[in-house]
Amino acid sequence: MKKIKDIRKEIGKIKKEGKIIGFVPTMGYLHKGHISLIRKAKKQSDYVVVSIFVNPTQFGPEEDFERYPRDIKRDIEILKNEKVDLLFNPEVDEMYKEDFKTWVYVDEFSEIFEGKFRPGHFKGVCTVVLKLFNIIQPDKAYFGWKDAQQLIIIKKMVNDLNIPVKIIPCPTIREEDGLASSSRNVYLDERERSKALCLYRALKRIEQLVKKEKIYNREILLKEGRTIIEKEENVELQYLEMVKINDLKKVEKVEKGTIILGAIKIGKIRLIDNLLIKKF
Ligand code: PAF
655 MKKIKDIRKE IGKIKKEGKI IGFVPTMGYL HKGHISLIRK AKKQSDYVVV
705 SIFVNPTQFG PEEDFERYPR DIKRDIEILK NEKVDLLFNP EVDEMYKEDF
755 KTWVYVDEFS EIFEGKFRPG HFKGVCTVVL KLFNIIQPDK AYFGWKDAQQ
805 LIIIKKMVND LNIPVKIIPC PTIREEDGLA SSSRNVYLDE RERSKALCLY
855 RALKRIEQLV KKEKIYNREI LLKEGRTIIE KEENVELQYL EMVKINDLKK
905 VEKVEKGTII LGAIKIGKIR LIDNLLIKKF
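Each residue of the sequence shown is one higher than the one before, counting from 655 in the working numbering.
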């Protein structure tokens, strides 16, 4: 369905039947990660809605909005196989009328890490996600840990604005070689793809230092991770940081709810990944 009024009608009926609505927002070009979100939603809800909308307001002027991968036919086949109940795939002018003026923005959280390299990105994400929540009125919404900062910001928005939806975080799904599944992986040629793995290797090394060698110090852990990435030619390390999951503030020592966030750039392609670490 492409029209908000049609979705509202359908959702109205489902709500009257007292069904639990699970929602998976996506930008399409579905991969294993999206499928795992859909399967979790199917298990936990009576009716599953997926949205496919490449949201222009979360892309900067120099970013890849135009060339972002799209394949709606293939996506629809996947959704049919997964027995998704409803697809919402609006056009841009259905979501943003010409006189659109209202934005949602989570202060502080949105300016660091991804927000620093992609100014305005999270304003676009929060605005579209809140619009989607208002249109679909889900009981539960599913987001992957792959985009950890996005997940943390959306949780904060939901909490701060008392939005009646439960955010369900889902684990990052990886390819066989460890690369986190992402629609943008399609941009990588073979050589770039093997270089891209240095970020995952750095995260795994940090995990090993924590788990096996009981090293919890921020400086030591990050230095080790940075060295692995900096050794890789033609890879730019944009950030590697150790933060608390609830407020994205830097921590000096690994504690409960610590996450390592990282981003690298290979040519024009940016890749992010992260690792949740606990004290073992
Ligand atoms: O993670 C994504 O695919 C997008 O940022 C989202 C949440 C669908 C909003 O456009």
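Beta carbons: idealized from backbone N, C-alpha and C, even for Gly.
Practice task
Please find out if some non-hydrogen atom of the ligand PAF comes closer than 7 Å to the beta-carbon of T680.
Solution key: Start at 1 with the first residue of the sequence shown, and residue 680 comes out as number 26. Flag set: Cβ of T680 near the ligand PAF.
Practice task
Starting from G778, trace the alpha helix (DSSP H) both ways and give me its first and last residue.
Solution key: Sequence index remark: in the sequence shown, residue 778 carries index 124 (1-based). First-last of the alpha helix (DSSP H) with G778: 775-790.
Handout entry: Assigned exposure category for S837 - 16 Cβ within 10 Å defines buried
Key = In the sequence shown, residue 837 corresponds to position 183, counting from 1. With 16 or more neighbouring CB atoms inside 10 Å of its own CB, S837 falls in the buried class.
Problem - 7 Å CB neighbourhood of V908 in its chain, flanking five on each side removed - result: Indexing the sequence shown from 1 puts residue 908 at position 254. If we look at V908 and ignore the five residues flanking it on each side, its Cβ neighbours are V864, Y870, I931, K933.
Handout entry: Cα-Cα separation, G774 to Y759
Key = Position 120 of the sequence shown, counted from the start, is the residue given in the question as residue 774. Position 105 of the sequence shown, counted from the start, is the residue given in the question as residue 759. Rounded to whole angstroms, G774 to Y759 spans 9 Å at the Cα level.
Exercise for the section: Tell me where the alpha helix (DSSP H) around Q862 begins and ends. Expected result: Stepping through the sequence shown from its first residue, residue 862 is reached at position 208. Element bounds for Q862: 844-865.
Practice task
Starting from the C-beta of D739, find all residues in its chain whose C-beta is less than 6 Å away, skip the five residues before and the five after it, and write them out in chain order.
Solution key: Residue numbering aside, residue 739 sits at position 85 when the sequence shown is read from its first letter. Same-chain partners within the cutoff: Y701, V702.
Exercise for the section: Specify the secondary structure class of Y598 as computed by DSSP and reduced to three states. Expected result: Only positions 655 to 934 of the chain appear in the structure, and residue 598 is not among them; the question remains open.
Exercise for the section: Compute the minimum distance between the beta carbon of V758 and the heavy atoms of the ligand PAF, and state whether it is under 7 Å. Expected result: Counted from its first residue, the sequence shown places residue 758 at position 104. Flag unset: Cβ of V758 not near the ligand PAF.
Exercise for the section: Run the CB neighbour count on R772, radius 10 Å, all protein chains shown included, and call it buried at 16 or more, exposed below. Expected result: In the sequence shown, counting from the first residue as 1, residue 772 sits at position 118. By the 10 Å Cβ count, R772 comes out buried.
Handout entry: CB contact flag (I706, T680, <8 Å)
Key = Residue mapping note: residue 706 aligns to position 52 of the sequence shown, counting from 1. Residue mapping note: residue 680 aligns to position 26 of the sequence shown, counting from 1. Their beta carbons are under 8 Å apart, which means I706 touches T680 by this criterion.
Handout entry: Simplified DSSP assignment, three categories, for L815
Key = Here residue 815 refers to the residue found at position 161 when the sequence shown is read from its first residue. In the structure shown, L815 sits in coil (DSSP, three-state: anything other than H, G, I, E or B).
Exercise for the section: Quick one: residues in its chain with C-beta nearer than 6 Å to the C-beta of E736, no 5 flanking neighbours on either side, listed in chain order? Expected result: Residue 736 sits at position 82 when you count from the first residue of the sequence shown. Closer than 6 Å at Cβ, skipping near neighbours: I692.
Practice task
Kindly indicate which residue of K810, S764, I789, F787 has the alpha-carbon position closest to the one of K777.
Solution key: As a first step, residue 777 is located in the sequence shown; it is residue number 123 there, counting from the start. Comparing alpha-carbon positions, the option among K810, S764, I789, F787 lying closest to K777 turns out to be S764.
Handout entry: Chain-order list of residues whose beta-carbon lies under 8 Å from that of E745 (same chain, five-residue window excluded)
Key = Numbered from 1 along the sequence shown, position 91 holds the residue referred to as residue 745. Spatial neighbours of E745 in its own chain (CB-CB distance under 8 Å, excluding positions within 5 residues in sequence) are listed in chain order as K656.
Practice task
Put S836 into one of helix, strand or coil per three-state DSSP.
Solution key: Looking up residue 836 in the sequence shown gives position 182. Coil.
Handout entry: Contact test: Q712 Cβ vs the ligand PAF heavy atom, cutoff 7 Å
Key = Taking the sequence shown and counting its residues from 1, one reaches residue 712 at position 58. For the ligand PAF, at least one heavy atom lies less than 7 Å from the Cβ of Q712.
Problem - Contact belief for L902 with I766 at Cβ below 8 Å, rounded distance in angstroms - result: Translated into positions along the sequence shown, residue 902 becomes position 248. Translated into positions along the sequence shown, residue 766 becomes position 112. Yes, L902 and I766 are in contact; Cβ-Cβ is about 6 Å, under 8 Å.
Handout entry: Beta-bridge pairing of R924 - partner residues as DSSP gives them
Key = The sequence position of residue 924 within the sequence shown is 270, counting from 1. K919.
Problem - Straight-line Cα distance separating N888 from L854 - result: For the purposes of this step, residue 854 is taken as residue 200 along the sequence shown, with counting starting at 1. For the purposes of this step, residue 888 is taken as residue 234 along the sequence shown, with counting starting at 1. Per the sequence presented here, residue 854 reads as Tyr, with Leu not at that position. Y854 and N888 have their C-alpha atoms roughly 16 Å apart.
Exercise for the section: For the segment 794-804 and the segment 820-828, state whether three or more C-beta atom pairs, one from each stretch, are separated by less than 8 Å. Expected result: yes
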